[in-house]
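Student: Below is one structure. I have some questions about it.
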Amino acid sequence: MTSENRNMILAIVMSMAVLIAWQFFSGVPQMEQQRQQAQQQAAQQAPGAAGSQAPAPGTAAPAPAATPPRALSRAEALARSPRVAIETPSVIGSVALKGGRIDDLSLKGYHETVDNSSPIIVLLSPSGGPNPFYAEFGWVPGAGSTVAVPAADTVWTAPEGARLTPETPLVLTWDNGAGLTFRRTLTIDANYMFHVLDEVDNATANPVALHPYALVSRHGTPHTLGYYILHEGLIGVTSEGGLHEIKYKDIAEKKAETFPSVGGWLGITDKYWAATVIPGAQEKVQARFSAAQSGNDLTYQTDFLGDAVTVAPGAKASTDGRLFAGAKVVQLVDGYQQQYSIDRFDLLIDWGWFYFITKPLFLVIDWIYRFVGNFGVAILVVTVLLKAIFFPLANKSYASMAKMKAVQPEIQALRERYGDDRVKLQQEMMEIYKKEKINPVAGCLPILIQIPVFFALYKVLFVTIEMRHAPFFGWIRDLSAPDPTTIFNLFGLIPWDPGSVPVIGHFLMLGIWPIIMGCTMWAQMKLNPAPPDPTQKMIFDWMPLVFTFMLASFASGLVIYWAWNNTLSVIQQSIIMRKNGVKIELWDNVKSTFVRKKKPKAG
Numbered sequence: 001m002t003s004e005n006r007n008m009i010l011a012i013v014m015s016m017a018v019l020i021a022w023q024f025f026s027g028v029p030q031m032e033q034q035r036q037q038a039q040q041q042a043a044q045q046a047p048g049a050a051g052s053q054a055p056a057p058g059t060a061a062p063a064p065a066a067t068p069p070r071a072l073s074r075a076e077a078l079a080r081s082p083r084v085a086i087e088t089p090s091v092i093g094s095v096a097l098k099g100g101r102i103d104d105l106s107l108k109g110y111h112e113t114v115d116n117s118s119p120i121i122v123l124l125s126p127s128g129g130p131n132p133f134y135a136e137f138g139w140v141p142g143a144g145s146t147v148a149v150p151a152a153d154t155v156w157t158a159p160e161g162a163r164l165t166p167e168t169p170l171v172l173t174w175d176n177g178a179g180l181t182f183r184r185t186l187t188i189d190a191n192y193m194f195h196v197l198d199e200v201d202n203a204t205a206n207p208v209a210l211h212p213y214a215l216v217s218r219h220g221t222p223h224t225l226g227y228y229i230l231h232e233g234l235i236g237v238t239s240e241g242g243l244h245e246i247k248y249k250d251i252a253e254k255k256a257e258t259f260p261s262v263g264g265w266l267g268i269t270d271k272y273w274a275a276t277v278i279p280g281a282q283e284k285v286q287a288r289f290s291a292a293q294s295g296n297d298l299t300y301q302t303d304f305l306g307d308a309v310t311v312a313p314g315a316k317a318s319t320d321g322r323l324f325a326g327a328k329v330v331q332l333v334d335g336y337q338q339q340y341s342i343d344r345f346d347l348l349i350d351w352g353w354f355y356f357i358t359k360p361l362f363l364v365i366d367w368i369y370r371f372v373g374n375f376g377v378a379i380l381v382v383t384v385l386l387k388a389i390f391f392p393l394a395n396k397s398y399a400s401m402a403k404m405k406a407v408q409p410e411i412q413a414l415r416e417r418y419g420d421d422r423v424k425l426q427q428e429m430m431e432i433y434k435k436e437k438i439n440p441v442a443g444c445l446p447i448l449i450q451i452p453v454f455f456a457l458y459k460v461l462f463v464t465i466e467m468r469h470a471p472f473f474g475w476i477r478d479l480s481a482p483d484p485t486t487i488f489n490l491f492g493l494i495p496w497d498p499g500s501v502p503v504i505g506h507f508l509m510l511g512i513w514p515i516i517m518g519c520t521m522w523a524q525m526k527l528n529p530a531p532p533d534p535t536q537k538m539i540f541d542w543m544p545l546v547f548t549f550m551l552a553s554f555a556s557g558l559v560i561y562w563a564w565n566n567t568l569s570v571i572q573q574s575i576i577m578r579k580n581g582v583k584i585e586l587w588d589n590v591k592s593t594f595v596r597k598k599k600p601k602a603g
């Protein structure tokens, strides 16, 4: 292998190292800084606004009401309104009759930690308590109209003993006392999709124009992980603007953005959970993303406002919309997209720029998981499949590398013969390559193939809820989390947490799987002859150790993949080298690492 070829491989590998180092050294400190800020905010500030008025046609974000005089607990905030219980196989919560909001929802199937006795995830919470996050549907009067419509303080009427379940819809009513009767029918499926049907009966002598709206509101800036590859914040798809991913800090600066749309959806997303409102597929709306000051903090809101609906005297009008509030399960999100014709709803999951690689890779892993019952095993099987798919290309690559090893004595002789005459040296080397049918850049192909797969798997492990708390074997109980063991406390034998050490603690969390990965990478490096250039040799010798520490903080599923991929590469390359009659350098290079060369005797 020529020094030019080695430089190319080195440049590619070091580019990966820079990207990973950026994520490791920038993302982790940023996450810690944001965690501290969130703790400070929680200790200093009062809860968010008590309510949010419905958006009027063409206006900016609604002005929030005054901040409550003191912070309320979640239970106290829930008790401020009469409620109707929600219960399905997937969620539990309640609808507030005051305002008709869906503002209390917890996810039964997901816990805060891998311990199933830990609390379940709370997604939606009422205004006035900690972390308000809720959805609201309703009507606003047309321009210039003063007709009374349901507002945030309106108390709806529900049948006695009513409950919202997949089998029993909830019907709410309210009479404005001036000839208009409002009826809201809520239904929910067994998972996370609500259907909201709003109807108006006009018993007056005049037509009434009303605009339907829906919103998702979140009070206070939530704690986010702060990773570049993950979007957390306001999100939506509009027919005019496509996909919108707006960070909290960006909308706080812009205050509001509005887009016309036919259908679409918009809401607020976390890493694994989201709440989005969805108009009808053919409904014309004004979709808006906004932020408004509320006391000491900001209220973030996504809402849509529909065209005016005119209700004739003695007639009835209706509009409907949907609310998705729950876990971003790939199969469910894709199913809702098809079932309700929701435009690009699958983008609620942050598949990234390489969607065409990331999502198919997940679908294959998920399909295999259904047979083997373990996502870690599924990743190992997918790695073997990828090796099989790219075997012809890898076979040619390793065969070319083997031929290059075979002609190394000739190349070395040319270097000694032509010395500093680079032009002549290159000409003679190309003649040898041509005669032996060697592609000098073929050795880079296995690395180039591995890079997009690596990042696609990184994305899959990082953003898909299916990988959250997915166990492997032994001590790996969560493939989306780093290996919890560390060599610096002898893998748990010493009762001490190295991660608690200030500044350098996260560097000390060096688990068993990262060490295995480092060993396999070292073996793969030692399979090839040592570079003649001392600087290159030093870089290649240290690279496995550097990557071991870097990947120690990455998802254990990714580290397991890399270790397994390295192992398969070593086996594959060894077989191809033996087939081409080239000596396998692994054991000689390993031996030379630990045996010092004898210095030549003087004289």
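Position one of the sequence shown corresponds to residue 1 (my numbering), numbered consecutively onward.
Glycine included, each C-beta is placed from N, C-alpha and C at the ideal position.
1) Cβ-heavy atom distance between leucine 414 and the ligand ATP below 7 Å?
2) Among residues of its own chain, excluding the 5 on either side of threonine 520, which ones have a beta-carbon nearer than 6 Å to its beta-carbon?
3) Contact between the region 229–246 and the region 168–177 is defined here as three or more beta-carbon pairs at a separation below 8 Å; is this criterion met?
4) Less than 8 Å between the CB atoms is what I'm expecting for aspartate 350 and leucine 230, so what's the real figure, rounded?
5) Buried or exposed for serine 639, going by 16 or more other Cβ atoms inside 10 Å?
6) Does the distance from the C-beta atom of isoleucine 348 to that of threonine 276 stay below 8 Å?
7) On the CB-based measure, 16 or more other CB atoms within 10 Å of its CB, does valine 196 come out buried or exposed?
8) Quick one: residues in its chain with C-beta nearer than 7 Å to the C-beta of glutamine 30, no 5 flanking neighbours on either side, listed in chain order?
9) Identify every run of the alpha helix (DSSP H) within the region 392–463, keeping only runs that are complete inside it and at least 4 residues long; order them along the chain.
10) Ignoring anything shorter than 3 residues, give me the beta strand (DSSP E) runs that lie fully in the region 113–144, in order along the chain.
11) Please classify tyrosine 192: does DSSP put it in a helix, a strand, or coil?
12) Distance check for phenylalanine 375 and valine 149, CA to CA, integer angstroms please.
13) When the Cα atoms are used, what is the spatial distance from lysine 579 to alanine 555?
14) Could you check how far apart the C-beta atoms of proline 207 and tryptophan 139 are, in whole angstroms? I think they sit under 8 Å.
15) Could you compute how far the alpha carbon of lysine 437 sits from the alpha carbon of glutamine 331?
16) Considering Cα atoms alone, identify which of Ser574, Glu466, Pro544 is closest to glycine 109.
17) Based on Cα-Cα distance, which residue from Ile368, Ile389, Arg322 lies nearest to isoleucine 662?
18) Report the residue ranges of all alpha helix (DSSP H) runs contained in full by the region 245–327; include only those spanning at least 4 residues, in chain order.
19) Please work out which residues of its chain come closer than 7 Å, Cβ to Cβ, to isoleucine 92, disregarding the five sequence neighbours upstream and downstream, and give them in chain order.
20) So, using beta-carbon positions, are alanine 292 and isoleucine 251 closer together than 8 Å?
21) To which residues of the same chain is valine 570 closer than 8 Å at the C-beta, ignoring the five residues directly before and after it?
22) For threonine 157, count neighbouring C-beta atoms within 10 Å of its own C-beta (all shown protein chains included) and say buried if the count is 16 or more, exposed if not.
23) Decide yes or no for the touch test of the region 498–505 against the region 475–482: beta carbon pairs closer than 8 Å, at least 3 of them.
24) On the three-state DSSP scale, how would you describe valine 501?
25) Taking threonine 187 as the reference, give the member of Gln338, Tyr433, Thr88 with the closest Cα.
26) Only counting the same chain, and skipping five residues up and downstream in sequence, which positions put a Cβ closer than 7 Å to that of threonine 514?
Tutor: So, from the data block:
1) This structure does not include the ligand ATP; it has no bound ligands of any sort.
2) Closer than 6 Å at the Cβ level, and outside the excluded window around threonine 520, lie Ala563, Asn566, Thr567.
3) Using a C-beta cut-off of 8 Å, the region 229–246 makes no contact with the region 168–177, since fewer than three inter-stretch Cβ pairs fall below that distance.
4) Their Cβ separation, rounded to whole angstroms, is 6 Å, which keeps aspartate 350 and leucine 230 in contact under 8 Å.
5) Missing from the structure shown is residue 639; the chain here goes from 1 to 603 and no further.
6) A small correction: the amino acid at residue 348 is leucine; isoleucine does not occupy that position in the sequence shown. A contact, by the Cβ cut-off of 8 Å.
7) When all chains shown are included, valine 196 counts as buried.
8) Note that glutamine 30 has pLDDT 42, beneath the 50 cutoff, so the model's placement of it is unreliable and the number below is only indicative. Cβ neighbours of glutamine 30 beyond the five flanking positions: Gly226.
9) Taking only runs of at least 4 residues, the alpha helix (DSSP H) segments lying wholly in the region 392–463 are 408–418, 422–436, 445–463.
10) List check, beta strand (DSSP E) in window: 120–124, 133–141.
11) Coil, per DSSP.
12) Each residue's alpha carbon lies about 51 Å from the other.
13) Rounded to the nearest angstrom, the two C-alpha atoms are 36 Å apart.
14) So it is not a contact: roughly 14 Å between Cβ atoms.
15) Taking the straight line joining both Cα atoms gives about 48 Å.
16) Among Ser574, Glu466, Pro544, the Cα nearest to that of glycine 109 belongs to Glu466.
17) Nothing can be reported for residue 662, as the shown portion of the chain is limited to 1 through 603.
18) Counting whole runs of 4 or more residues, the region 245–327 contains the alpha helix (DSSP H) stretches 248–254.
19) Closer than 7 Å at the Cβ level, and outside the excluded window around isoleucine 92, lie Ile86, Ser106, Lys108.
20) Not a contact, by the Cβ cut-off of 8 Å.
21) Within the same chain, and ignoring the five residues on either side of valine 570 in sequence, the residues whose Cβ sits closer than 8 Å to its Cβ are Thr520, Ala523, Gln524, Leu527, Leu586.
22) By the 10 Å Cβ count, threonine 157 comes out exposed.
23) A contact between stretches requires three or more CB pairs, one per stretch, nearer than 8 Å, and the region 498–505 fails this requirement with the region 475–482.
24) Valine 501 falls in the coil class under three-state DSSP.
25) Looking at the Cα atoms, Thr88 is the closest of the given residues.
26) Rather than threonine, the amino acid found at residue 514 in this sequence is proline. Within the same chain, Cβ atoms closer than 7 Å to the Cβ of proline 514 are found at Asp483, Thr548, Leu551, Ala552, Val559, the five residues on either side in sequence being excluded.
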